[in-house]
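To keep things clear, I will list the structure first and then write my remarks on it.
Residue numbers (the numbering used here): 7 to 236.
Dropping the structure here:
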């Protein structure tokens, strides 16, 4: 949880910023000003305009605002503070996704000015700290890249599934046409058989020879007729 220990800024002033569920608006703005002065927040950062009508700011909202505007150097210092804490108190790890732990890390980073060690891959170091199992996504740039990659993957998957659906629909339509064609050919076969029987009776009654082929393929086998129309 957040304590009452004051924070020393570069100008030598001490911050009364308490790590609690809520803080007064003036304290929150004062704290943000200290972060900006220390270079942890961007030069053009200004507190949210909607805070003007508030008397207090929740720790969650304050943490979200800081996360959105931390500079690369700011993230390095916050993560450096967390790394040091994890080494000193492994039984009480910080989770930067939680507002109180995050603000505690920011407060410690501001008071001690941690920097990222040179020559050590950031992703490897963050993975060792096991922050939510995906610590490298703490960087806004890397988080954006990760979300973009996920979006592209989802889009490609949707396009692939769409293509498969279209192929399945085409196959179903072709199968439907084949069933309809077979049904029509079956009707033709039955009609031909009926006509051939009637023709045989007629030829016998009239005592005339039965034609080899007549009408709709009389005398042809069904298989031959199907091959000729497929």
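By construction, the Cβ of each residue, glycine as well, lies at the ideal position given by its N, Cα and C atoms.
Checklist entry - Would you call the CB atoms of residue 216 and residue 201 closer than 9 Å? => result Indexing the chain shown from 1 puts residue 216 at position 210. Indexing the chain shown from 1 puts residue 201 at position 195. No. Outside cutoff.
Checklist entry - If you run the structure through DSSP and keep just helix, strand and coil, what is residue 109? => result Along the chain shown, one-based indexing puts residue 109 at 103. Looking at residue 109 - three-state DSSP - the assignment turns out to be helix.
Next on the checklist: Please list the terminal residues of the continuous beta strand (DSSP E) segment that includes residue 28.
Outcome noted: For the purposes of this step, residue 28 is taken as the residue at position 22 of the chain shown. For residue 28, the enclosing beta strand (DSSP E) begins and ends at 28-30.
Item to check | Residues near residue 108 in its chain [Cβ-Cβ closer than 6 Å; skip 5 each side] | outcome: Here the question's residue 108 lines up with position 102 in the chain shown. Correct list, in chain order: 69, 102.
Item to check | Burial state of residue 88 (16 or more Cβ within 10 Å) | outcome: Indexing the chain shown from 1 puts residue 88 at position 82. Buried, because 16 or more other Cβ atoms sit within 10 Å of the Cβ of residue 88.
Checklist entry - Hey, would you say residue 75 sits closer than 9 Å to residue 116, going by beta carbons? => result Taking the first residue of the chain shown as position 1, residue 75 is located at position 69. Taking the first residue of the chain shown as position 1, residue 116 is located at position 110. No, the Cβ-Cβ distance between residue 75 and residue 116 is not below 9 Å.
Checklist entry - What three-state label does DSSP hand residue 186 in the structure shown? => result Counting from one through the chain shown, the residue named residue 186 turns up at place 180. Of the three classes helix, strand and coil, the one that applies to residue 186 here is helix, per DSSP.
Next on the checklist: If you follow the beta strand (DSSP E) that residue 59 is in, where does it begin and where does it stop?
Outcome noted: Start at 1 with the first residue of the chain shown, and residue 59 comes out as number 53. Taken as a continuous stretch (DSSP letters only), residue 59 belongs to no beta strand (DSSP E), as it is neither H nor E.
Checklist entry - By DSSP, does residue 47 sit in helix, in strand, or in coil? => result Sequence index remark: in the chain shown, residue 47 carries index 41 (1-based). Three-state result, residue 47: strand.
Item to check | Cα-Cα separation between residue 51 and residue 34, rounded to whole angstroms | outcome: Within the chain shown, the letter at position 45 stands for residue 51. Within the chain shown, the letter at position 28 stands for residue 34. Each residue's Cα considered, the two are about 14 Å apart.
Item to check | Per-residue burial, residue 114 [other beta carbons within 10 Å of its own, 16 or more giving buried] | outcome: Along the chain shown, one-based indexing puts residue 114 at 108. A buried status is given to residue 114, since no fewer than 16 other beta-carbon atoms sit within 10 Å of its beta-carbon.
Item to check | Among 162, 160, 29, 198, the one whose alpha carbon lies nearest that of residue 63 | outcome: Numbered from its first residue, the chain shown carries residue 63 at position 57. Distances from the CA of residue 63 to each of 162, 160, 29, 198 were compared; the closest alpha carbon is that of 29.
Item to check | Given residue 27 as reference, the closest of 104, 96, 98, 94 once Cα atoms are compared | outcome: By one-based count along the chain shown, residue 27 stands at place 21. Residue 104 is the option with its Cα nearest to residue 27.
Checklist entry - Roughly how far, in whole angstroms, is the beta-carbon of residue 84 from the beta-carbon of residue 44, given that I think they are within contact range, below 8 Å? => result If you number the chain shown from 1, residue 84 lands on position 78. If you number the chain shown from 1, residue 44 lands on position 38. That pair is no contact at about 11 Å.
Next on the checklist: What does the alpha-carbon distance come out to for the pair residue 58 and residue 71?
Outcome noted: The sequence position of residue 58 within the chain shown is 52, counting from 1. The sequence position of residue 71 within the chain shown is 65, counting from 1. Computed Cα separation, rounded: 15 Å.
Checklist entry - Buried or exposed: which applies to residue 163, given that a residue is buried once 16 or more other Cβ atoms fall within 10 Å of its Cβ? => result Here residue 163 refers to the residue found at position 157 when the chain shown is read from its first residue. Exposed, by the Cβ-count rule.
Next on the checklist: Do residue 100 and residue 93 count as a contact pair if the criterion is CB distance below 9 Å?
Outcome noted: Position 87 of the chain shown, counted from the start, is the residue given in the question as residue 93. Position 94 of the chain shown, counted from the start, is the residue given in the question as residue 100. No, they are not a contact pair.
Checklist entry - Whose CA, out of 118, 77, 78, 73, lies closest to the CA of residue 90? => result Stepping through the chain shown from its first residue, residue 90 is reached at position 84. Ranking the options by Cα distance to residue 90, first place goes to 118.
Next on the checklist: Using only the alpha-carbon positions, how far apart do residue 32 and residue 95 sit?
Outcome noted: Position 26 of the chain shown, counted from the first residue, corresponds to residue 32. Position 89 of the chain shown, counted from the first residue, corresponds to residue 95. For residue 32 and residue 95, the distance between alpha carbons rounds to 32 Å.
Item to check | Cβ-based burial, residue 136 [other Cβ within 10 Å; buried from 16] | outcome: As a first step, residue 136 is located in the chain shown; it is residue number 130 there, counting from the start. At residue 136 the pLDDT is 40, less than 50, meaning the model places this residue with poor confidence; the figure from the coordinates comes in the next sentence. Residue 136 comes out exposed.
Checklist entry - Using CA coordinates, which residue listed in 73, 56, 67, 61 is at the minimum distance from residue 42? => result Against the chain shown, residue 42 aligns to sequence position 36. Among 73, 56, 67, 61, the Cα nearest to that of residue 42 is on 73.
Checklist entry - Can you tell me where the alpha helix (DSSP H) with residue 68 in it begins and where it stops? => result Taking the first residue of the chain shown as position 1, residue 68 is located at position 62. Per DSSP, residue 68 belongs to the alpha helix (DSSP H) from 65-75.
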